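Here is the structure we will look at.
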Amino acid sequence: MAYYVGVDLGATNLRAVVGDDRADILSRAETATPRTSGIAITEAVLRVVREACAKVGVDPADAAAAGIASIGPLDLAEGIIDGPANVPGIGQVPLVGPLSELLDTKQVYLHNDTIAGVIGERFHSDRNPDDMAYVTISSGLGAGVCVDGHVLSGWDGNAGEVGHMVVDPDGAMTCGCGRDGHWEAYCSGNNIPKYARHLAETTADSLRTDLPLNDPEFSAVDVFEAHGSDPLADRVIDRVADWNVIGFTNLANAYAPLMVRVGGAVALNNPDLVLDPVRERLEETTFVNVPDVRLTDMGDDVVVKGALASAITGGTGERTT
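Numbering-wise, the working numbering comes out as the position in the sequence shown, counting from 1, plus 23.
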C-alpha cells in the first residue's frame, strides 16, 4: 500500500497526517506553530511528519509524496514561505527542500492553504467538479479556485488572495497587510473586533452596547454571541454581511464557479449569520452564474485533507490523475 503525507501549516497550529491512496487518514500529529524563527517552523514540520509516520509504523522515506498547505505569502520557485504576514518577523521558512529530503522524494507539492482547500473539496466531491471555489473565513480570509479543471496557483503560488480584494473604496478599515478597504479587513475573525470599535466610534446615532470593546480579549466570538440582543453587535453583523455579499459577488463574477464551499471558524461557527445573507442576495448581485454556496462537509479537516489529496493527485485534486 502506498502512503502519502499531508501537512497543514497555520499561523497558530501545525499538523501532519499520513493517509492511503483513497485519502483515508491513518494517523495524525500536531503542535503549536513556533513563532521564534523560520528554521524553528521548518523543524516543527519535520517533527510532526516523523511523529505521524511513527504512529502508523511507516518510515518517512517510504512515503510516496507529500502535500503542504501553508500560510503565505509563498515563493513556489524556492519552496518557501517568504515572510508570513500572520507570524511577523519570521523571515523565510524553508519547506519543500527539507521535507523532500526527509521523505526521499521530489514529489512534494506546496500550496496556499485555501488552494489546498479547493483541491480537497474537488477530490472529495461526488462529481469531481471542474469549476469550483473554496473560501475560508477565519482569522484571515482567502480562496482557492479551480477553473476548467485547472487549480489556479499563480506564478508564485499566491493566486486566490480574494481577502485582499477592495470591497470598500473609501478604505475605512486597514487590512493586516497594511492596505485599506480589503474584504479581510472587515469580515475576518481578527478584524471583526476592530470593525466593531470603528462603528462604535463613527456611527452617527450612538448605539447602546454591552460589548467589551476595551477588553484586550474582545473577539469576534463576543460579537456573534451578542447578536440579537445588542444593537451595536447587530449593526456589525449586518455590515459584515454586506461586505461578504460584495466579496462573494466578485468571486462569482471573476471565476464563474458552479459551487463554492466555505470553511474557517467564523463561517463554521456562524453559518446562518455569515452564509444566509450571501445565498439570499447573490442572485441579485451576480452577473451571470449564481454558484451553490454551502459550508464544507469536512469541517476543520478541509485543508489538511486537501494537502493529502494534493499528494495523491500531483496537486490537481483530479481523482483520475
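Where is the CB? At the ideal position from N, CA and C, for every residue including glycine.
Only a predicted model underlies this, so the values are computations on that prediction, with no experimental measurement involved.
Check	Outcome
Taking the beta carbon of M24 as the centre, do at least 16 other beta carbons fall within 10 Å, making it buried, or is it exposed?	exposed
What is the DSSP secondary structure of A46, counted as helix, strand or coil?	coil
Count the other C-beta atoms from every protein chain shown that fall within 10 angstroms of the C-beta of A264, then say buried if there are 16 or more, exposed otherwise.	buried
Do you know offhand how far A34's Cα is from T56's?	6 angstroms
In this structure, does DSSP put I142 in helix, strand or coil?	helix
So the candidates are L318, R145, T197 and I48; which of them puts its Cα closest to the Cα of L296?	L318
Cα-Cα, which of D127, A139 and P111 is closest to A332?	A139
Would you tell me roughly how many angstroms separate the C-alpha atoms of H311 and T197, rounded to the nearest one?	The sequence shown places Val at residue 311, rather than the His named in the question. In a straight line, the C-alpha of V311 is about 31 angstroms away from that of T197.
Just reading off the beta strand (DSSP E) that N169 is part of, what are its end residues?	Strictly speaking, residue 169 in this sequence is Cys, with Asn absent from that position. Unbroken beta strand (DSSP E) run through C169: L164 to V170.
Across the stretch 155-167 and the stretch 283-299, are there enough close Cβ pairs to call them in contact, namely three or more that are closer than 8 angstroms?	yes
Do L32 and S93 count as a contact pair if the criterion is CB distance below 8 angstroms?	yes
Excluding the 5 residues preceding and the 5 following K328 in the sequence, name in chain order all residues of the same chain whose CB lies nearer than 6 angstroms to its CB.	G143 and M321
Which whole runs of the beta strand (DSSP E) in the stretch 246-321 are 3 residues long or more, in chain order?	282-286 and 315-318
Can you tell which of P294, E306 and D85 has the C-alpha that lies nearest to the C-alpha of A279?	E306
Just to check my reading of the structure: G29 and A330 have Cβ atoms closer than 8 angstroms, yes? What is that Cβ distance to the nearest angstrom?	4 angstroms
Would you be able to state if there are at least three C-beta pairs under 8 angstroms between the stretch 165-180 and the stretch 79-92?	no
Which same chain residues, not among the five before or five after W266, have their C-beta less than 8 angstroms away from its C-beta?	V190, D191, W206, Y209 and C210
Using only CA atoms, which one of D323, R342, P152 and P294 lies nearest to E248?	P294
Can you tell me which of V116, N135 and I113 puts its alpha carbon nearest to the alpha carbon of G177?	N135
Indicate the three-state DSSP secondary structure (helix, strand or coil) for P96 in the structure shown.	coil
Find out if the Cβ-Cβ distance for the pair Q130, A75 is shorter than 8 angstroms.	no
What do you get for G251, buried or exposed, if any count of 16 or more other CB atoms within 10 angstroms of its CB means buried?	exposed
I'd like to know if L122 contacts chain C, where contact means its C-beta is closer than 8 angstroms to some C-beta of that chain.	The structure shown contains no chain C; it holds only a single protein chain.
Relative to the C-alpha of I104, which residue among V116, G112 and P111 is closest?	V116
Alpha carbon to alpha carbon, how far is T65 from L118?	6 angstroms
Determine the burial state of G38: buried for a count of at least 16 other Cβ atoms within 10 Å of its Cβ, exposed for fewer.	For the record, residue 38 in the displayed sequence is Arg; it is not Gly. Per the 10 Å Cβ criterion, buried.
Grab me the residues of G194's own chain with a C-beta within less than 7 angstroms of its C-beta, minus the 5 sequence neighbours each way, in chain order.	D203 and G204
From G340 to F146, what distance separates their C-alpha atoms?	5 angstroms
If you draw a straight line from the alpha carbon of G90 to that of P254, how long is it in whole angstroms?	45 angstroms
Count the other C-beta atoms from every protein chain shown that fall within 10 angstroms of the C-beta of P235, then say buried if there are 16 or more, exposed otherwise.	exposed
Between the beta-carbon of V268 and the beta-carbon of T308, is there less than 8 angstroms?	yes
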